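To start, the structure under review is shown below, and the notes come after it.
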Amino acid sequence: MCGIVGYTGSDPAGPVLLAGLRRLEYRGYDSAGVAILDGSRMAVRKKAGRVKALEESLGELPAIGSCGISHTRWATHGPANDRNAHPHVGGTGEGTVAVVHNGVIENHAALRQDLEAAGVVFRSQTDTEVIAHLIAVELGDGDDLYEAVQRVLPKLEGTYGLAVVSPRCPGQIVGARLGSPLVVGLGDNEHLLASDPAAIAPHTARVAYLQDDEVVRLTPTDFEIRHRERGSITPRIDRIDWSPVASELGNHAHYMQKEIHEQPETVRDACRGRLRRGEGTAAFGGLNMTPRQLRRVRRVVLVACGTSWHAALVGEYLIERLANLPVEVEYAGEFRYRNAPLDDRTLVFVLSQSGETADTLGALRESKRRGHPTLAICNVVGSTIAREADGGIYLHAGPEVGVASTKAFSAQVAVLTLLALHLGRLRQLSFTDGLAVVEALEKVPEALTRVLATELKIIEAAERLSQARSVMYLGRDLHFPVALEGALKLKEISYIHAEGYPTAEMKHGPLALIDPETPSVFVAPRGSLHSKTLSNIEEVRARMGPVIAVGTDGDEELAALADFFLPIPDVLEVVQPLLAVVPLQLLAYHVARIKGCDIDKPRNLAKSVTVE
Ligand code: AGP
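Counting in my numbering, the sequence shown runs from 500 upward without gaps.
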């Protein structure tokens, strides 16, 4: 999604802004730009393409000054080109105003029409440019940008995270937030503004998250926040716990590869302090619900998007199996408008790595509006979803930079396993069965290390898969969501079409697709349905379909049926998804690498989809 970085202090703003934009590159974008104040002048530079193109443009024509704003754009209105890149400018001379914007202004067409009727000439096709002209009109010959911005905001319908500067107010940045995140960085004689704390982490660990309907004015030595109705605000100061090192690449070729290999630690961190061996259960600090309240729950609804939705689907199987509770898994974009019938015994969880996904945030707000206890399973501390939920569980997975989610999926599945165990032990799950799950989770990190050690075997399978035009992914029960996730990984970073299906469904249509050019990837560790899967594989082989199989180490019967057999250690069935997904992640990674794709920043995608 789009990224915003602002800086006002004593250092040259250009290098600070570019470094911040580079730390947001993982979010996905297609153009970038800066506006830098130098006394009564303002330099605006913006380019389609990567931040590097902007950096080169600044090298050719430097922009001097220690106050500025910058942006990486993911096109929502108008194609990715220099003209549509942010910042957008309104006004003239010293009254010029530069704006960068995340979000969507729904009523931009009507506002544009009024401005054009008043003689304003537009330069771009974006909704954002409307904001720049409106603020310039309000600023007029005055010098209070803070007030001018506050007079414009009520005219805007939609969502925004804004940063605004003008030569009329040297050293000053005004920011405003409604539905798109903004965080203030509090440095020594410098202040920063960003859409993601990762952009400002090297400058300061002290941050203040803006809330909806708040406006902030930053100068190098001061800042003030005002709420649209409540007036002046004293914000809570948080500390971001992301060490800049944690989000660096290390000795990996891509963030995705790094994050796949971090998963033993990821699962360990997700379980840390939450396993209760002595009681054969798991415990959480932030659910904000008593055992009695949780026992009253008669139905669980899990709401998410993308990979988080796949993790939620694993959660369905786990909670139904361990806690005997009915579970619905909903796409957030559907749930928020579907008016699903929920009674007062329904517990809603939203799952989101970023904590900023617009559809998931919308679903959270809809569930809360209807009075349901709504909890969140999130990775980013202090994210909008984490703050607005009634409670929840953090993943503690650290920054996930690759657009294709990997370690966050594993952390979500680990947390959902803990949750299923917790809910089960509040009901009929025995101490013995609970302890077996605790012990199985404790063994997962070491088992994951053994799966990662099979990477060379996975590369061989990837070489075969990289020539395919379409791939089927198949799994039963707990492994059906794993098959879906494997298919998503392949398509989102290698651009090869892939579909996940319940294995039993193959004969109800998809089998027609099978031919020597269409490989099938079966997720088939040993378990109660193993023999049925073997016969499904036979059906594929009978039609000359190539077979890649993820199975339990030593399963000679399965290995004999597969062109490529990818082993995982023999573990308790409920923790198998945590292991079975890793060969699929590495398969997708290496196929994309072999194809020379942009693995960490795949085309058309963004790390956090903050628009509907
Ligand atoms: C998965 O690899 C994608 N990056 C995407 O499907 C992602 O899972 C989805 O957009 C949800 O993101 P969230 O977990 O941050 O809400």
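The beta carbon of each residue, even a glycine, is placed where N, CA and C say it ideally should be.
Remember, predicted model here, so these are calculated numbers, not experimental data.
query                                                                                                                                                    : result
For Leu1071 versus Val936, is the C-beta distance shorter than 8 Å?                                                                                      : yes
Which word fits Lys942, buried or exposed, when buried means at least 16 other C-beta atoms lie within 10 angstroms of its C-beta?                       : exposed
Just the C-alpha distance for Ala562 and Ile1098, rounded to the nearest angstrom, thanks.                                                               : 32 Å
The alpha helix (DSSP H) with Tyr528 in it runs from where to where?                                                                                     : Where Tyr528 is concerned, there is no enclosing alpha helix (DSSP H), given that its DSSP letter is neither H nor E.
When you compare only the Cα positions, how much space is there between Gln911 and Tyr659?                                                               : 29 Å
Which residues bound the beta strand (DSSP E) around Tyr1000?                                                                                            : His996 to Pro1001
Find the nearest neighbour of Leu655 within the set Asp712, Ala617, Tyr708 and Ala704, judged by alpha-carbon distance.                                  : Asp712
If we call anything under 8 Å between Cβ atoms a contact, is Leu977 one with Tyr816?                                                                     : yes
Tell me the DSSP secondary structure of Cys877 in three-state form.                                                                                      : strand
Quick one: what's Gly684 bridged to in DSSP?                                                                                                             : Leu691 and Val706
Given this structure, state the Cα-to-Cα distance separating His731 from Leu661, to the nearest angstrom.                                                : The question names His, but residue 731 in the sequence shown is Ser. Taking the straight line from one Cα to the other gives about 19 Å.
Considering just the uninterrupted stretch of the alpha helix (DSSP H) at Gly1044, what are its terminal residues?                                       : Gly1044 -> no alpha helix (DSSP H), and no H or E assigned at all.
For the candidate residues Asp932, Val800, Glu637 and Arg735, whose alpha-carbon lies nearest to that of Leu863?                                         : Val800
Which full runs of the beta strand (DSSP E) of 3+ residues lie inside the region 870-958, going along the chain?                                         : 873-877 and 891-893
Looking at the strands, I want to know which residues DSSP matches up with Phe1064.                                                                      : Ala1048
Exposed or buried, which one is Gln1075 when buried takes at least 16 other CB atoms within 10 Å?                                                        : buried
Can you tell me whether Leu614 is helix, strand or coil according to DSSP?                                                                               : helix
Helix, strand or coil, according to DSSP, for Arg622 in the structure here?                                                                              : coil
Can we count Gly897 as close to the ligand AGP, meaning its CB is less than 7 Å from some heavy atom?                                                    : no
Alpha carbon to alpha carbon, how far is Ala903 from Tyr528?                                                                                             : 15 Å
Look up Glu829 in the DSSP assignment and give the residues it is bridged to.                                                                            : Val802
Run through DSSP, which three-state label would Val1110 get?                                                                                             : coil
Alpha carbon to alpha carbon, how far is Leu920 from Asn838?                                                                                             : 30 Å
For a test of the three-state rule: what should DSSP assign to Met788, helix, strand or coil?                                                            : coil
For Leu661, write down the residues that DSSP places opposite it in a beta bridge.                                                                       : His600 and Ala675
Taking the alpha carbon of Glu1056 as the point to measure from, which residue in Ala1041, Ala1023, Gly1044 and Leu894 has its own alpha carbon closest? : Ala1023
So Val664 packs on Ala597, CB below 8 Å; how close in whole Å?                                                                                           : 5 Å
Pull up the DSSP beta-bridge partners for Val715, would you.                                                                                             : Gly674 and Ile724
Helix, strand or coil for Val796 per DSSP?                                                                                                               : coil
Thinking C-beta only, is Leu774 closer than 8 Å to Ile957?                                                                                               : no
So what's His751 in DSSP terms, helix, strand or just coil?                                                                                              : coil
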